[in-house]
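Take a look at the structure set out below.
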Amino acid sequence: MRKPQMLIVLALLAVMTAACSSNSRRAEIEARKAALKHKQDSTLSATQQELALVDSALAVVNREFAEKDSIVRRHREELKATEQELNELNMLRLHRDSLQVQWQTLGAKIRYINKVRK
Numbered sequence: 001m002r003k004p005q006m007l008i009v010l011a012l013l014a015v016m017t018a019a020c021s022s023n024s025r026r027a028e029i030e031a032r033k034a035a036l037k038h039k040q041d042s043t044l045s046a047t048q049q050e051l052a053l054v055d056s057a058l059a060v061v062n063r064e065f066a067e068k069d070s071i072v073r074r075h076r077e078e079l080k081a082t083e084q085e086l087n088e089l090n091m092l093r094l095h096r097d098s099l100q101v102q103w104q105t106l107g108a109k110i111r112y113i114n115k116v117r118k
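When we follow our numbering, the leftmost residue of the sequence shown carries the number 1, and every step to the right adds one.
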């Protein structure tokens, strides 16, 4: 008589353990989902702030480049362009292109985060 009762108790313990671990796993999954949402929110916010800074810097550099480019073009036509002017224009172009790539990358990151969230 003792043996069947012992088997029933062991079976009940096994079922209870499985049920507890299932709840634990669900809680763990929910905690990971919440952490992922928080990480996405914070990353999205930081990326948007960085994009705003890069966008304003890009606007300034584009304006500077356009001004410098018109001056250098005029000097080229007059055959007065100096090496220093050309170097400055090339450095502005390099800076502008670098900011443009950074702007595009941040925009793609924001689009990706929004896509993943849906």
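Backbone N, C-alpha and C fix where the C-beta goes; we use that ideal spot for every residue, glycine too. Please read these numbers as outputs of a predicted model, since none were measured by experiment.
Quick one: residues in its chain with C-beta nearer than 7 Å to the C-beta of residue i, no 5 flanking neighbours on either side, listed in chain order?
i	result
R64	Reading off the sequence, residue 64 comes out as Glu, not Arg. So the list reads L92, once near-sequence residues are dropped.
R32	none
Does residue i pass the burial test, meaning 16 or more other C-beta atoms within 10 Å, or should it be called exposed?
i	result
V72	buried
V54	buried
Thinking residue i and residue j are a contact (beta carbons under 8 Å), I'd like their distance in whole angstroms, please.
i	j	result
M58	W103	The sequence shown places Leu at residue 58, not Met. Correct: roughly 6 Å between the Cβ atoms.
With C-beta atoms as the reference, is residue i less than 8 Å away from residue j?
i	j	result
L88	H75	Just to set this straight, residue 88 is Glu in the shown sequence, not Leu. Their beta carbons are not under 8 Å apart, which means E88 does not touch H75 by this criterion.
G107	L51	yes
V60	H95	no
Looking only at its own chain, which residues have a Cβ that is under 8 Å from the Cβ of residue i, when we skip the five neighbours before and after it?
i	result
T47	L106, K109, I110 and I113
Q100	L58
Q40	I113, V116 and R117
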